[in-house]
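One structure is given here, and the rest of the page talks about it.
Chains as they are written, first to last, in our numbering: chain A, -17 to 145; chain B, -17 to 145.
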């Protein structure tokens, strides 16, 4: 067995990460679409938040967090700026944020990914870890949306279909 | 606005990916522990698989998939090798797989991450995408486990606590 040193091996490029993330966002968009209007805002399991609230959380993180990283702004996290009343409003905002995410993500340098940033004035981690957290948090909540859909008797979209 | 080219920017090292994954695996282990013995094997929502079955899936992917990648083996995916009857058996196997994952992951070269491999003779993607899929799939199913726990009236572990 040959074990090579791992410390300097690169795993993937920033373009590949952005592509993965936007693929996840496409799938999450399909999950939002899969909910009937009423259940999107009202249905949940075990006293958790309905999927509309989870979608608002995801919308309030991705774009605003990247903007904060690029502009060095440590303004606190807030969901107050967006109070959608319809599925259409959520989907429209979702698509707008796709462009916001591309815009800011592409301005982050290779060095910056390894630098620590106090995201939202609260989460002090290397930038790459903050970005992985955004993606993981989305996959986590979307998995919960899959359970809501199954509990409603609705077949969720295939997990592996991203584009 | 300055937009720099993204194609050649590196996002993170392989050591950082392995560390993130093992952090996720620690959290998933805590979720397994949080279930009462009976509910781990029997409880679910919306006709889905109980969390013991989801844990067996995760155990059947990580280590065996990395072994396949390193050894160039395209044997089909199977959950047949592991049929646990207790939580303790699952946790013991989980910990064994921690070492298996470290062992094989560290043998994958930087170039190999970008090469295509027909995982389990079925999933033909670049190796880095296959590995991201293992992690995403774990976060996805663990999110479902969080709903099961909430439906059982059990507080899940904090999502951000990994080590």
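Idealized CB from N, CA, C, for every residue including glycine.
Between the alpha carbons of residue 26/A and residue 94/B lies a distance of about 43 Å. Runs of the beta strand (DSSP E) spanning 3 or more residues and lying entirely within the stretch 44 to 108 of chain A occur at 98 to 101 and 105 to 108, in chain order. For the options 135/B, 69/B, 29/B and 59/B, the alpha carbon positioned closest to that of residue 12/B is the one of 69/B. Taking residue 83/B as the centre and dropping the five residues before and after it, the same chain places the C-beta of 0, 3, 4, 7, 44, 45 and 48 closer than 8 Å to its C-beta, in chain order. Looking at 138/A, 142/A and 145/A, the one whose alpha-carbon comes closest to that of residue 18/A is 138/A. Of all residues in the stretch 29 to 49 of chain B, the ones placed with a Cβ closer than 9 Å to any Cβ belonging to chain A are 29 and 30, in chain order.
In the structure shown, the three-state DSSP call for residue -10/B is coil. Residue-level contact by beta carbon holds for residue 132/B and chain A, with a gap shorter than 8 Å.
Inclusion of residue 52/B and residue 105/B in the CB contact set at 8 Å is not warranted, their separation being larger than that value.
Looking at the DSSP output, residue 10/A sits in no beta bridge, so it has no partner there. Under the Cβ distance rule, residue 59/B does not count among the residues neighbouring chain A, no pair being separated by less than 8 Å. Neighbours of residue 118/A in chain B, taken as residues whose beta carbon is under 9 Å from its own, are 2, 6, 117, 118, 121 and 141 in chain order.
By the Cβ test, the stretch 70 to 81 of chain B is not in contact with the stretch 99 to 116 of chain B, since fewer than three Cβ pairs between them sit closer than 8 Å.
Interface annotation, residue -7/B: in contact with chain A, CB-CB separation under 8 Å. For the pair residue 130/A and residue 21/B, the Cα-to-Cα distance works out to about 19 Å. Per DSSP, residue 134/A lies in no alpha helix (DSSP H) segment and is marked neither H nor E. The count of Cβ pairs closer than 8 Å, one atom from the stretch 110 to 117 of chain A and one from the stretch 53 to 65 of chain A, stays below three, leaving the stretches out of contact. Nearest CB-CB separation between residue -2/B and chain A: below the 8 Å threshold.
In this chain, the alpha helix (DSSP H) harbouring residue 23/A covers 19 to 24.
Within the stretch 87 to 112 of chain B, those residues whose Cβ lies closer than 9 Å to any Cβ of chain A are, in chain order, 87, 88, 89, 90, 91, 92, 95, 96, 105, 108, 110 and 111.
For residue 114/B, the residues of chain A that pass the 7 Å Cβ criterion are 2, in the order they occur in the chain. The C-beta of residue 27/B comes closer than 8 Å to at least one C-beta of chain A. Within the model, the alpha-carbon separation for residue 143/A versus residue 89/B is close to 30 Å.
Here the C-alpha atom of residue 107/A lies approximately 19 Å from the C-alpha atom of residue 9/B.
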